[in-house]
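Down below is the structure, laid out as structure tokens.
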């Protein structure tokens with residue numbers, strides 16, 4: 009272990025303290041630079057994860073240099089000090105360290121080094137550096153957490169643990185003594201939180217720092233409350249049909265100029281609304297409400313039309329819509345929509361709806377699953393009408409005029425048609441899928457026939 | 002299966018009624034005999050098999066009088082061949098019996114290791130066949146038994162998935178856990194500490210009595226420091242806590258596989274300082290596992306490093322003073338607790 013860096017100086021190395029020990033930490037120097045040391049006299053204490061060891065001087069002389077400070081950890085074999093043997097010791101007289109290669113290894117023969125004697129004693133972890141170094145700066149996990157939770161400035165807490173360390177106990181005592189009247193009642197001192205396997209991922213984008221915050225507008229708040237209430241109340245289910253709007257488009261082109269003269273804009277929505285109202289009379293289950301354990305069937309179709317506003321959404325109601333013709337519905341939609349955007353609706357015009365139509369298709373959307381407008385049981389969604397390649401079947405007249413079996417008389421071809429989806433969310437508490445599908449089928453059939 | 006129904010009819014693990022099942026004052030060893038005898042009387046598929054357990058009544062007299070009551074067909078004396086004992090038990094278990102093997106000393110499990118860890122432990126995994134068997138392992142030192150008769154082999158067993166491992170510390174748990182071990186459809190290793198055999202006694206419910214496997218016991222409640230222990234170390238911890246007069250919690254694990262992780266973490270979170278104590282050697286032992294669990298799942302509740310009090314990684318010496326030096330002693334326990342309290 010020891011070597012001779014110069015003729016008169018003997019190097020002291022970190023000794024091998026056991027087969028499995030690869031490093032040691034200087035605890036304390038018993039000798040200062042300049043002190044005279046005898047061979048085998050202890051010059052410093054070293055600790056490892058297994059044992060504490062006294063390091064003897066390999067030679068008689070003067071402690072010339074200290075190469076490792078207390079607390080420093082060095083690999084086995086690294087120099088920790090130099091002894092100047094001067095003239096009073098033979099240059100070659102370094103005796104092998106007792107803790108060096110001749111020391112019993114901590115593992116192989118069960119021997120322990122140091123003052124524990126020749127046999128091993130039960131293994132107990134020692135508190136690192138107990139009572140020796142200032143440990144007031146070390147903060148344990150629980151102390152850190154409790155200080156954060158209770159806004160405790162740890163610099164003001166007196167530590168009573170080893171080396172002045174602040175213990176959990178000290179923090180509890182500090183909190184209890186600090187503000188007995190003010191701080192305590194609101195928050196329990198220390199809660200036993202159940203173990204959560206994965207800590208919640210920090211919300212980077214929504215973090216406290218960056219995003220601009222603004223309070224919800226009253227309308228936003230109302231919509232938020234209604235939507236959450238609905239999704240938590242109704243058993244939402246969405247059924248979708250696809251409608252060929254060719255006939256509607258044709259009818260609309262025919263009727264539009266005459267309507268325009270009367271100041272009535274004729275939209276696809278008006279056709280859909282009319283088809284819905286007629287079909288609701290045929291399938292009244294869709295024109296109802298759920299009230300507790302009862303289903304309320306409504307005699308009139310009070311048709312809600314969702315109108316999007318700059319900062320929200322409102323659903324004015326067209327009462328007794330079953331009494332209105334296509335023209336009447338078209339006029340009513342135009343009327344409520346314009347007044348809704350101007351903010352001129354009367355309070356009772358947004359109440360009492362029995363079925364709602366929403367029309368995000370005007371913005372190009374092709375599919376959605378709308379949320380039911382409570383306490384209604386269904387909401388129908390008119391999506392964008394776009395040209396799609398579809399398969400159309402036409403009946404072919406045969407030469408003999410007789411119909412043949414198994415579809416030979418039907419000819420399929422691909423055509424370009426204005427198509428649109430009608431998704432409808434409905435409340436599975438009030439009705440079942442077959443009823444919803446039949447209703448949608450009726451709406452589809454009416455639209456594909458071209459209405460009145 | 003009638004025994005199973007009877008267990009379920011009395012819910013709550015400790016499930017017993019004072020009138021029907023008054024407590025008897027038994028030693029740890031008598032409690033083990035009591036559990037065996039009770040289960041053998043209730044269920045004729047329960048069989049004992051081992052060396053000298055019949056005519057001689059067992060090296061420690063656990064099965065004293067059994068051969069007279071149950072006959073040589075159910076109390077089977079074997080040659081000195083642990084692999085044969087456990088191998089035969091595996092065969093019995095797969096054919097519908099519930100064998101309870103006795104290793105004369107836990108150390109000898111090494112001779113039956115292949116049948117235990119490779120056959121019994123993996124039978125259900127490989128072939129879907131249950132092996133409802135118990136291996137009783139008289140373990141531990143403290144009586145100058147030397148390196149072949151004093152070991153605590155639990156860590157070997159815990160590395161064999163498929164085995165359950167229990168280690169009771171009290172007479173009542175010795176009976177209750179052995180009952181549960183016999184009724185369990187898995188191979189269960191039952192560590193019975195020889196040092197507790199005649200030194201520990203207590204109230205033991207009479208008649209059927211089962212303690213669920215996998216549930217730790219709070220042997221002593223406290224809030225300053227937790228000693229998590231099992232077997233003989235529980236008593237070491239309880240005595241030290243009593244003598245020191247400090248607010249110390251002692252958790253008796255009772256079951257080493259499955260471990261009661263919830264109880265371990267709850268206690269660690271409560272006190273923030275944990276000493277894990279066992280008589281078995283240190284490295285890769287139960288203490289290492291418990292310590293790892295705590296640092297993984299309760300780190301933010303810790304006020305000190307989790308520490309261990311164990312035997313060092315050496316064989317158990319024959320010489321009494323040397324053995325005392327190796328096995329954790331009352332003073333070691335007190336010193337470890339004091340140091341951790343002061344931290």
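Protein chains in written order, with this note's numbering: chain P, 9 to 460; chain Z, 2 to 344. Don't be surprised by glycine CBs; every beta carbon is placed ideally from N, CA and C.
Assignment of residue 124 of chain Z by DSSP, reduced to helix, strand and coil, places it in the helix class. It is roughly 11 Å from the alpha-carbon of residue 423 of chain P to the alpha-carbon of residue 254 of chain P. DSSP places residue 112 of chain Z within a helical segment (H, G or I) once states are collapsed to three. Within 7 Å of the CB of residue 300 of chain Z, the CB atoms of chain P belong to 149, in sequence order along the chain. Contacts with chain P (Cβ-Cβ distance below 9 Å) from the stretch 300-321 of chain Z involve 300, 301, 302, 303, 304, 305, 306, 307, 308, 309, 310, 311, 312, 313, 314, 315, 316, 318, 320, listed in chain order. A distance below 6 Å between beta-carbons, with the five flanking residues on each side excluded, links residue 65 of chain Z to the following residues of its chain, in chain order: 58.
In this structure, residue 323 of chain P places its C-beta atom within 8 Å of the C-beta atom of residue 358 of chain P.
Against chain Z, the CB of residue 296 of chain P has no partner CB under 8 Å away; the residue lies outside that interface. In the DSSP assignment, residue 34 of chain Z falls within the unbroken alpha helix (DSSP H) covering 29-43. Put simply, the CB of residue 131 of chain P is near chain Z, with a gap under 8 Å to one of its CB atoms.
Counting only the Cα atoms, residue 132 of chain P lies some 35 Å from residue 102 of chain Z. By the CB criterion at 8 Å, residue 380 of chain P and residue 373 of chain P fall outside the cutoff. 169, 170, 173, 175, 176, 177: these are the residues of the stretch 157-184 of chain P whose beta carbon lies less than 8 Å from some beta carbon of chain Z, given in chain order. By the neighbour-count definition (other C-beta atoms within 10 Å, threshold 16), residue 187 of chain Z is a buried residue. Taking every protein chain shown into account, the CB of residue 26 of chain Z has fewer than 16 other CB atoms within 10 angstroms, so this residue is exposed. The stretch 179-266 of chain Z contains, as complete alpha helix (DSSP H) runs of 4+ residues, the segments 233-245 (chain order).
Looking only at P:85, P:53, P:49, P:75, the smallest Cα-Cα distance to residue 68 of chain P is reached by P:49. Close to residue 153 of chain P, with beta-carbon spacing below 8 Å, are these residues of chain Z in chain order: 301, 302. A Cβ-Cβ distance of about 11 Å is found for the pair residue 41 of chain P and residue 91 of chain P, leaving them out of contact under the 8 Å criterion. Looking at the backbone, the Cα of residue 36 of chain Z and that of residue 62 of chain Z are separated by about 14 Å. Counting the other CB atoms within 10 Å of its CB gives residue 126 of chain Z a total below 16, which places it among the exposed residues. Interface criterion met: the Cβ of residue 333 of chain Z is under 8 Å from a Cβ in chain P. At least 8 Å separates the beta-carbon of residue 455 of chain P from that of residue 281 of chain P. Separation of residue 159 of chain P and residue 310 of chain Z (C-alpha to C-alpha, rounded to the nearest whole angstrom) is 36 Å.
With respect to chain P, the C-beta atom of residue 290 of chain Z has no partner C-beta closer than 8 Å. In the three-state DSSP reduction, residue 274 of chain Z falls in the coil class, being neither helix nor strand.
It is roughly 8 Å from the alpha-carbon of residue 94 of chain P to the alpha-carbon of residue 70 of chain P.
Look at the beta carbons and you see the stretch 96-112 of chain Z touching the stretch 39-53 of chain Z: at least three pairs across the two are nearer than 8 Å.
If the five residues before and after residue 46 of chain P are omitted, its C-beta is found closer than 6 Å to the C-beta atoms of 68, all from its own chain and listed in chain order. Separation of residue 294 of chain Z and residue 24 of chain Z (C-alpha to C-alpha, rounded to the nearest whole angstrom) is 36 Å. At a beta-carbon threshold of 9 Å, none of the residues of chain P lie near residue 339 of chain Z; the nearest stands roughly 10 Å away. Look at the stretch 226-253 of chain P and you find these whole runs of beta strand (DSSP E), each 3 residues long or longer: 244-252. With respect to residue 167 of chain Z, residue 159 of chain Z sits apart: the two C-beta atoms are not nearer than 8 Å. In terms of beta-carbon proximity, residue 328 of chain Z lines the interface with chain P, with at least one pair separated by less than 8 Å.
Note that the C-beta distance between residue 365 of chain P and residue 311 of chain P is below 8 Å. Per DSSP, the beta-bridge partners of residue 47 of chain Z are Z:99.
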